[in-house]
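Reading through the C-alpha cells given below for one structure.
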Amino acid sequence: MTLSGTAVPHAAGFIVNETPRIVTSRFDDPQGYAIERYLATGGYEGLKAALATSPDAVHAEVRDATVLGRGGAGFPAGVKWGFMPKDVWPRYLVVNGDESEPGTYKDRLLMERDPHQLIEGCLIACYAVGLSQCFLYIRGEMALAQERVAKALNDAYAAGFVGKNILGTDFSVDIVLHWGAGAYVVGEETALIESLEGNRGMPRLKPPFFPAAIGLYGQPTIVNNVETLANLPWILNNGAAAYKQIGTETSPGTRMVAVSGHVKRPGVYEILNGVTTFRQLLFDDQYCGGMRDGRTLKAFVPGGGSAPWFLPDQLDLPFEGSQIGPQGSMLGSGAVMVMDDTTDIPQAAHSLTRFYAHESCGKCVPCREGGTWLERILGRIVDGHGTKRDLALLLEVGRSICPGDFPHAASERLGLSAVPFPYQMTTICFVGPSAFAPVHSALTLFPEEFAARVSEDEPIPSGTSVPVVLKGVSVGD
Amino acid sequence: MTDTPVTITLNGETVECRPGELLIAAAQRAGTYVPRFCYHERMKPVGMCRMCLVDVDMGRGPGLQPSCMVSVAEGMVVDTESDRVKQVQEGVLELLLANHPLDCPVCDKGGECPLQDQTMAYGPGESRFIEEKRHYEKPIAISDLVYLDRERCILCDRCTRFAKDVAGDPLIHFLDRGNETQVNTFPDHPFSSYFSGNTVQICPVGALTAEPYRFKARPWDLEENESTSTVDATGSRVALQSSRNQLVRVLGVDSDAVNWGWLSDKERFGYEATQSDHRLVEPLFRSETEFVPGRWNDAVSRIARDLDGKRVGVLGGARLPIEGQFAWSKLLDTLPNRAYRDAQLDDGLPAGVVLGLPRASIADACAKGGVVVIIGPDLKEELPTLFLRLRHAATEDGVSILELTPRATSLGTHAALSLHPLAGTVGQVAAAIAAGTSSQAVGGVEPAQIEAAAALLASGRPITIIGGRGNLAESGQYTADAIGSLMAAHPDATFLPALRRGNIHGALELGFTPGFAPGGVLDHDDVLDASAILEAAAAGELDTLVLLGSDPIVDHPDRALVERAFDRVGNVVAVDLFMTESCRRSDLVVPAAGFGEVDGSFLNLEGRLSPLQAKVTPPGQARPDWMIAVEIAMSAMTDLGFIDLDELRRSLSSSVQSFSAIDWSMLNSQDDGQRIDLDRPWTPEFADPLVAPPVDGYGLRLVVDRKLWDLGTMVQHAPSLAHLAGEASLGLSTSDFERLGVEEGGVVSIDVAGATHRLAVRRNRDLPRGAAQIPFRLTGFDPGVLLTADRLVTEIRVSAN
Amino acid sequence: MSRLTSANEIIANEIIARYPRPKSALIPLLHLAQEQDGYVAEDAMEHLAELVGVTPAEVLGTCSFYEMFKLHPVGTYVINVCGTMSCQLLGADELIHHAEERLGIRVGDTTSDGLFTLERAECQAACTEAPCLQVNYRHEYRVTPDDFDALVDTLAAGGGDVPPHGTLSRVRQHIPANRSVGAVPPEQVTGPPPWLPSAEEST
Ligand SMILES: Cc1cc2nc3c(=O)[nH]c(=O)nc-3n(C[C@H](O)[C@H](O)[C@H](O)COP(=O)(O)O)c2cc1C
Ligand code: SF4
Ligand code: SF4
Ligand code: FES
Ligand code: FES
C-alpha cells in the first residue's frame, strides 16, 4: 500500500499532508533556508507589515490570533506578553530552541529548514513588546541548526533586517545566537534563563516570579518556543482572522507533531490544531498509515515523554488541550510515541524514567533522589531481579514526588476510569514528576506485565535505619 | 510598601503577619515550626530541599507550596499538619537518607544534627533503600580550616549560598549534576575565605567540619553560655562551648544588631589561644637575663611600689573587659602623679573624633537606602563581621558606599564610588568634596570624581561616615581632618569608628587616651599620647612603663622609638596572657585571665555594651584584670570602693555618666546588649587641616595596612590559625609596577631616609598610581623599620636593582 | 592543557561584548575552549574566570553541569548513540551493542588510537528517524549495523564532513559594528527603547 503524504528527502522525517502549511511552507525547497529563497517566497513581508503599524497593534493582532505556546504549556503568546510589567526596562526575549523532550522533533527542523522565518518571528515579537535585545538559545547538540541560524543571522544583519535601524526605520534589535551544552532541564524557561546568565541550568521557583515579571537579569523576559514564534510572520501577513479559520476557536492554526515508534511511517507532520485526532494521525494514509508490520496498537505517549500514556481507548481524541486533560494526560510538545503489541512495557517505561532521572538538575530532593531511585528499582525489575515489594515501592517513591492521585487514562480492559491531569508535586519543575509518569502509566495500565516479571519478596537487609544518638543542642539554624 | 499586618489562617488559628514575610518565618513567630533544611533566615531562600512544603489555599483549594519561598498574603489558609504535608515530610526524609551514610555515631554533628532530629520527629525511621549508596572519598580538606564529607552532604546550598551571597567568596560550588551533584572547590583553589567557619555552623548535617573542633567533643558533653567576641571591636555575639573545662567551640549567635549569627574565622577559632600551652601561669620576675617565677603577693606589692609616687606611663588597655579598664583607671587615678595612658599605639584616630561625634549604630549604617563613606582600612581585614553587614547593605539594601581609602578595599566592587587619595591628601580631598567641586586633581583624585562624590553626599540620603586608620604610614590626623570636613558639610551625618582592637571603645570611654577622663569628659591636662609617652620614656622622664595587654615593640609603628624607650625606662611592668616581645623586655610579668575565663562586659564600636562570660577557669594563677587592680590597690592600702564585680559595676554606673543607665542585671540575657549614653556636652573641634608635604616626583607614598592573618599574638597562639599569616611583599600599582620593569615576585630596593631595604615586589591592582603598599606584621619584613612617629607621611623610592 | 590562544581571546572578548553581563558568555566561551583543545582544560577555565570576572569554581560549577563539556580528552569523534524511548523501541540497544563490538570499547570509553569515543546519549530530536546517532553532534538517521560500520570506516579513513570534537557550528555569528545595537548592563537602561512610541502617542 502506498501512503498519500509526501516525504521530503532533505528534511529528514518531514512529510507533507493535506493540512494548510503555516510554518513548514518552505520545507520542500532544498535551499529554503537561504535568505535569497526566503525573500523570493514572501520573506520579511510580515515584518514590514508589522512595522507599518504600531507595536500595540501588532501585539493585539497576535493576541487575537490566540497562538498557543508550542513549547509544552500551551499558554497563548499574546496574553503572556501582556504580563510584562509596565515601565520596567530593559526587557528581553529569549527564544527557546532547546528541544529535548523525548519524542519531540520539530523546532530543530524549523531552525534547519527555515531559520529566517524564525528570525522574522523574533523581530515581530520584539517590536510588539518593545525590546531591543533577543537571545536565540539553540540546544547544544544541534550543530546543523546552529550553523544555519548563524548564517541566516549574519545574512539578515548584512541585509538590514536585524540590528540597528531595521529596514531604515528606528526599530533596532540585536539577536544574539547562543547555544547550550547538553542539559534537558534547561528547556524549562527559568532554567533557560539561568543558563543564559552563565549559570548551572537549575530552575528557579515560580511563582512568585514568572519570567515575564522577573526573568533574565531580574528583568521582564518573554520566553517563547521556536515554533510559537515561527507562526508570527504568517499571522502578520494573513491576519489573525485567517489564522482562526484554521483549527478550532480555542486551538487555532496548525501545529507540528512528531510521531515516532512502531507506526508504518514515523514522521513530522503539520496538523490541524484542535481538529486532527490521534486516530487520524496514526492511521490515515496522509500521516503515519497505521501500525508497522500489521501489528496492533498497545499504547502511545500523546505529548512527549513527560505525558501519562494513552491506550487505543483514547484514539478518537483530537489535539485539543481542554479535551486531553480530563482524560488524564497532556499534549505537551507535540510528540507522539507509539508502542505496538510487541513492546516490552516495563522496558519502555524504564527508558523514559532513566532519561528524567539522568536529567534531574539535582535541586529538589524528591527529583534528585527519588528519580534515581525509581530508575534503579525499575531497572532491576526489567532485569528480572525485582520483587513484589518493589512494585509497591515504585508507587510510594512516586508519591514522594507527586502526592495524591496521579493522572492516568481510562482503560476499558481493566475497568479503570480516567484520573484527570494535572497532579500535585513536591518538586520545582516537571522533571521530577516526569520520571514517575511513565512508571505510573505502565504500572497502572499494564499491571500484568510487571506481575509476570517480579519474584516473591526477600527480607529487608538490616542496618538501614537512622542510629539514635543522644540529643543535645541543635545548631545549623 | 505598607506596614498593615497581613492576616492568615494557620492550622485553624488566625495569625497576624508582617507584610512580605515568608510563610515559614511567620509560622515560626506564631509558634509553628515548619521543618526545613535549606532555608536559613539570614540568606535568600532557594526552595531546594522541599522539606518545608505545606498546604496553602488562596481560595482555589489547597496546594503544596514551599513555605520558605511563599510570602504571606491576606486571606491565605495554611495547613502545616495535613496528612499530605506529613507524607511529604516523611518522603523527603526517606529520600535524603537514601544516600546518607548513617555514620552518626562517628559524626561530629551526631546529637545536634537537624537531619537526625527531624528524622526522629517527622521521618519514617527506616529506609527501604537497599541499593548501593553514593560514594566519595571521605572527608577532604577544602581549606586549612574546613573539611567536607560529601557522602553526608544533603546539597542544601547553604554553604555555597553563604560563600557567594554573604561572604562574596564563591570558592565552593555545586559541581556536576543531578544525583551526582557535589559541593567542591576548583582543583588547587581552596576555600580560603575569612568566613569559612560559618559554613560549618550552618551546615544542617555533619558534612562540613572545622579542623579545630573535629572529634574534640560530643554535643551532650558540651556546656554553653553566651558571650561577646573580643577579637575585634565589632563585638560579635558568640556562644562559648566547653567540655571538661576546655573551650572547644565558638559559635555565632544571631544578634540582630550586630553579627546576624556570622563570625570571622578569627572570632570563631581564635579561642584556641585561650587553651594554648604558652599561656602565662605565674608572675615572672626579671633577674639579670632570666625570668624567675615568684609569688603573687610579691608581684602585687612590687607593682604598688612601682606606681606609688612614680612618673608612670601606661600603654594598652583595649584587651581588658570594661570592668578591668574601670578598676585600672580608678587605680591609676589614685596615684599622686598623673599616670599617662593611651590604649591606641599611634595606630588609631584622635580620641576626640571617636568620642565626640554623633555615633551611628551598625544598623544605622546599613539601613536601606543610605550612603556610607569609608575613610579608613579594608574592613574585611580589620573588622570582618562589620564588612559582612556592609556588604549585605550594599548588595541587598541599596546602600551606596563611597570609599575614600588608600587602596580599593574588599567593598570596592560594591561601592558606588571608590576614590583613593595618596597618603597625606585625604583631608584635602574630603575638603574638596565638602566644597562640592575642585578645579584640579587632588592627591590623584580627579575633579569629576570629587564632584561625583559631592553629588552622592548631597542626594539627601542619610550619611554614615565610617572612619579608621587605613594607613599606618600616614598621620591619623589626616583621617580626622577628612572626617571633620565632611561632618561640617553634612551636620546630620553620623559616625561609626572603625578602630580594630578588641575593647578599644571601652578603653577610650574609660579614659585610656590623652585628653579625656572616663565618660568622655574633657581633660586637657593629660595630653601625652602613646608616641609621646614613649618619647618621655626615651628621654628619661618616666620611671615606670605599664603594659596592659599591649606589645608596643611589635605593634607600635615606630620601631626605633620603642627600642629607645625600652632601653631607657627604668622599670617595665606587663600584665598579659602570653610572653610577648614586650614582656620579654619587661621587669615583671603578671598573668591575666583571658577570653572565656572572666565575667565582665565589652563595649563595641557602636557603644553597645554586651556581656563577657567565663566558661572555663584561667590557667595557674592568672586572674581577671579588675582583680589585679583591686589587689594592687589593697597592697597600697588604697580603697577603690569595690571588691567584687557587682560593687565595681555599681561604682562604674554611679561615677561614669555614660554608664549610668545600664541595667547590669539584664545584660546576660540580651542578644543585642545595651547601648551606653554617648551624648556629650561638647562637640569635637577640628583644627585647620594639615597639609601634606608635596609629592616627590620620584617617590612613592607608602601605605602600611593590616591583614586579618598576621603575626598578632592571638593568631600566633591559635594552632589552626598561626600558619595563615602570609609573607610580606611590596605592592605597586600596575603602572608603577610596569615602569619598574621587574618580574612578579622579583626583589627590589626600597630607600627611605638614607637607608636601603630589600623586598619582593608584586603588582597590586587595588593601589592607585604613586602608592606603594607593605602589610604590617606579616612574615619576612617589618615595615616598622621604615616608619617614624613624627613623619606625617612616608615616602619611599623603589628601584629594580 | 591551555589557556585560550590570543586569537581565541579576541573572539572571546567579541562574544562577551554581546551580552549585558559578562558571565552570560560563559557557555559560549567554554565551547570555544573545547573547540581549541578538544576538551575543557583546567587552565582554560581559569582563563575564562578571569575574562568574565568570576572564580574558577564558578566556571567549573557551570561547566560540569552540562553533558557536552568534557573535562578530560576524548576521541576526535564522539559518537553518541541515542537510547531514549523512540530509538529504544526501534533497536537502540542492539545498535549500541553493535557499536561496542565494532569499536572494541565499552560505552564511555575511547579507542586506543584516540579516534572514537562512544557514548549512550539521550533523545536527539530525531525520534522519527530512529535509531539515530550523532558524530560530534551531527546526526545520522535510521542507522543499521551496516551503516554504523560504513560510518566508522569512512571516519577512520579521514572521510566524512565532520570537524573534530569541540567544533559545533562552523559558522560564527558576526555582528558588524555599524549594525549592532549593543549590549548594555541592565542597570544602565533607564527607559524604553528610543524607537518605541510613548504610551500617549500610540493610543
Ligand atoms: C522540564 C521542561 C523542559 C522544557 N523543555 C522545553 C524545550 O525544550 N523547548 C521549549 O520550547 N519549551 C520547553 N519547556 C517549556 C518552557 O518552560 C516554556 O514553557 C516554553 O518555552 C514557553 O514557550 P511557549 O509559550 O512559546 O510555548 C520545558 C518545560 C519543562 C518543565
Ligand atoms: S524537579 Fe528536578 S529538574 Fe526540576 S528543579 Fe527539581 S531537581 Fe531540578
Ligand atoms: S555541605 Fe552542608 S551546608 Fe553545604 S550543601 Fe552540603 S549539607 Fe548543605
Ligand atoms: S526549607 Fe523550604 S525548600 Fe528547603
Ligand atoms: S528518542 Fe532517539 S532521537 Fe528522540
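Residue numbers (numbering that gives the first Met the number 0), protein chains in the order written: chain A, 0 to 476; chain B, 0 to 800; chain C, 0 to 202. Glycine included, every Cβ here is placed at the ideal spot set by N, Cα and C.
Would you say residue 55(C) reaches chain B, if we count a Cβ-Cβ gap shorter than 8 Å as a contact? yes
Output yes or no for whether 8 Å exceeds the beta carbon distance between residue 406(A) and residue 327(A). yes
Any beta carbon from chain C within less than 8 Å of residue 104(A)'s own beta carbon? yes
Report the rounded CA-to-CA distance for residue 322(A) versus residue 393(A), giving the unit in angstroms. 29 Å
Neighbourhood of ligand 5 [Cβ distance below 5 Å to any heavy atom], ordered by chain position: Listed by position along the chain, the residues with Cβ atoms less than 5 Å from a non-hydrogen atom of ligand 5 are 81(C), 83(C), 85(C), 86(C), 122(C), 123(C), 125(C), 126(C).
Since residue 665(B) is in the alpha helix (DSSP H), which residue starts that stretch and which ends it? Premise fails: residue 665(B) is in no alpha helix (DSSP H) and is neither H nor E.
Mind checking residue 204(C): buried by the 16 CB within 10 Å criterion, or exposed? No answer is possible for residue 204(C): the residues shown for chain C start at 0 and end at 202.
Any idea what DSSP makes of residue 88(B), helix, strand or coil? In the three-state reduction of the DSSP assignment, residue 88(B) falls in the helix class.
Compare the C-beta of residue 49(B) with all C-beta atoms of chain A and state if any pair is closer than 8 Å. yes
Would residue 210(A) and residue 227(A) qualify as a contact pair, given that the criterion is a beta-carbon distance under 8 Å? no
Let me see if you follow: with CB-CB separation under 8 Å, is residue 47(C) close to chain B or not? no
Cβ atoms of residue 145(B) and residue 190(B): under 8 Å apart, would you say? yes
By Cβ distance below 6 Å, which residues in the same chain neighbour residue 49(A) in space, the five residues on each side in sequence not counted? 57, 123, 126, 235
Given a cut-off of 8 Å, decide if residue 272(A) and residue 247(A) are closer than it, judged by their beta-carbon atoms. In this structure, residue 247(A) sits near residue 272(A), with a CB-CB distance shorter than 8 Å.
Measure the CB-CB distance between residue 192(B) and residue 162(B) and report whether it falls below 8 Å. Yes, they are a contact pair.
Straight-line CA distance for residue 159(B) to residue 109(C)? 35 Å
Looking at residue 366(A) and ligand 4, is the gap between the Cβ and the nearest heavy atom below 7 Å? Within 7 Å of the C-beta of residue 366(A) there is not a single heavy atom belonging to ligand 4.
Sequence-distant residues of the same chain with beta carbon closer than 6 Å to residue 242(B), five excluded per side: 216, 220, 221
Please confirm if the region 511-518 of chain B is in contact with the region 706-726 of chain B, defined as three or more CB-CB distances below 8 Å between the two stretches. no
Using a Cβ cut-off of 8 Å, pull out every chain B residue sitting near residue 218(A), in sequence order please. Here the premise fails: no neighbours, minimum Cβ distance about 17 Å.
Any heavy atom of ligand 4 nearer than 6 Å to the CB - residues listed: 35(B), 36(B), 37(B), 38(B), 46(B), 47(B), 48(B), 49(B), 50(B), 51(B), 65(B), 67(B)
Roughly how far, in whole angstroms, is the beta-carbon of residue 68(A) from the beta-carbon of residue 74(A), given that I think they are within contact range, below 8 Å? 5 Å
Please state if the CB of residue 701(B) and the CB of residue 759(B) are separated by a distance shorter than 8 Å. No, they are not a contact pair.
Have a look at 416(B), 567(B), 627(B) and flag the residue whose alpha-carbon is nearest the alpha-carbon of residue 536(B). 567(B)
Can you name the start and end residues of the alpha helix (DSSP H) that residue 395(B) belongs to? 383-395
So if DSSP puts residue 181(B) in a beta bridge, which residue, or which two residues, is it bridged to? Residue 181(B) is bridged to 174(B).
For the region 263-277 of chain A and the region 18-31 of chain A, state whether three or more C-beta atom pairs, one from each stretch, are separated by less than 8 Å. yes
Below 8 Å on C-beta distance, what does residue 398(A) contact in chain B? By Cβ distance, chain B contributes 86, 90.
Going by the C-beta, is residue 430(A) closer than 7 Å to any heavy atom of ligand 2? yes
Would you mind sorting residue 244(B) into buried or exposed? The rule is 16 or more other CB atoms within 10 Å of its CB. exposed
Within chain A, the residues that residue 207(B) reaches when beta carbons sit closer than 9 Å: Under the 9 Å cutoff, chain A gives no residues; its nearest Cβ is about 10 Å from residue 207(B).
Any beta-carbon of chain B closer than 8 Å to the one on residue 423(A)? yes
With a cut-off of 8 Å, does the C-beta of residue 364(A) fall near any C-beta of chain B? It does; some Cβ of chain B falls within 8 Å.
So residue 342(B) packs on residue 511(B), CB below 8 Å; how close in whole Å? For a cut-off of 8 Å, the C-beta gap from residue 342(B) to residue 511(B) is around 4 Å, short enough to register as a contact.
By the DSSP assignment, the beta strand (DSSP E) with residue 756(B) in it spans what residues? Element bounds for residue 756(B): 754-762.
Give a yes or no on contact between the region 342-354 of chain B and the region 542-562 of chain B, applying the rule of three or more CB pairs nearer than 8 Å. Counting Cβ pairs under 8 Å, three or more are found: they touch.
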